[in-house]
Amino acid sequence: MAIEVLNETADDIDIERVVSLGKHLFQTLHIHPESEVAVVFVDNDAMSFLHKEWMGLEGPTDVMSFPMDELRPGTYEAPAEGLLGDIVISPAVAAKHATQGGHTVADEIALLVTHGLLHLLGFDHHDEGEKQSMFATQDQLLEQFLGYTPPRLTDTGK
Numbered sequence: 033m034a035i036e037v038l039n040e041t042a043d044d045i046d047i048e049r050v051v052s053l054g055k056h057l058f059q060t061l062h063i064h065p066e067s068e069v070a071v072v073f074v075d076n077d078a079m080s081f082l083h084k085e086w087m088g089l090e091g092p093t094d095v096m097s098f099p100m101d102e103l104r105p106g107t108y109e110a111p112a113e114g115l116l117g118d119i120v121i122s123p124a125v126a127a128k129h130a131t132q133g134g135h136t137v138a139d140e141i142a143l144l145v146t147h148g149l150l151h152l153l154g155f156d157h158h159d160e161g162e163k164q165s166m167f168a169t170q171d172q173l174l175e176q177f178l179g180y181t182p183p184r185l186t187d188t189g190k
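Residue numbers 33 to 190, in this note's numbering, belong to the letters of the sequence shown in order.
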């Protein structure tokens, strides 16, 4: 599986856990093992720049997704194959949200990776129906991986 994790911050990121989660998501969502995704951890200055450049919004956000081949979840018989794209995460914002939510930063990062990957597969939360579908899928994937009820996003305005 081509899951590349880059930490461009001074924060301590459990890269093995992120890769393990990525493998779980690939298998569960029927993504071909040769498909590629990059998870990049950046500081708040870099995230603020991306947030302004791509969304027109000021300040850092927790996660942004940049799809490449606009893949959709596959099936067992026909797994999705191609370049998924990039998931960019701010560990500083993740830490703030973990504190607000009363859970660990590692669980917040797992939540953000899952959320970001679902966006790469075309899931969104622009309206209530889309939001319910995406968040139900997100919760199910995370509960399978974590083995317990997953944390909730504290900021879903993206």
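Glycine included, each C-beta is placed from N, C-alpha and C at the ideal position.
In the DSSP assignment, what are the bridge partners of residue i?
i, result
"F73", "N39, I121"
"L115", "E68"
For the alpha helix (DSSP H) that contains residue i, what are its first and last residues?
i, result
"F58", "47 to 60"
"L144", "137 to 152"
"D171", "160 to 178"
If contacts are defined as beta-carbon pairs under 8 Å, then residue i and residue j qualify, I think. What distance do you get, rounded to the angstrom?
i, j, result
"T181", "L57", "The Cβ separation is near 18 Å, so there is no contact."
"H157", "E140", "Not confirmed; about 17 Å, so no contact."
"L150", "T169", "6 Å"
"L38", "P99", "With a Cβ gap of about 18 Å, L38 and P99 do not count as contacting."
"A34", "E66", "7 Å"
"V69", "I119", "7 Å"
"L53", "A142", "5 Å"
"P105", "H64", "Actually they do not touch by this definition, with Cβ atoms about 11 Å apart."
Determine the extent of the beta strand (DSSP E) in which residue i is found, giving its start and end residues.
i, result
"F98", "95 to 99"
Using three-state DSSP, classify residue i as helix, strand or coil.
i, result
"A34", "strand"
"E85", "helix"
"D44", "coil"
"A110", "coil"
Please go through the same chain and pick out, in chain order, the residues whose beta-carbon is closer than 7 Å to the beta-carbon of residue i, but skip the five residues on each side of it.
i, result
"Y108", "H62"
"K84", "E90"
Sorted by chain position, which residues of the same chain lie with C-beta nearer than 6 Å to residue i's C-beta, five sequence neighbours on each side aside?
i, result
"V125", "P92, D94"
"D171", "P182"
To which residues of the same chain is residue i closer than 8 Å at the C-beta, ignoring the five residues directly before and after it?
i, result
"E40", "V72, F73, V74, D75, A78"
"G133", "E140, P183, R184, T186"
"E48", "none"
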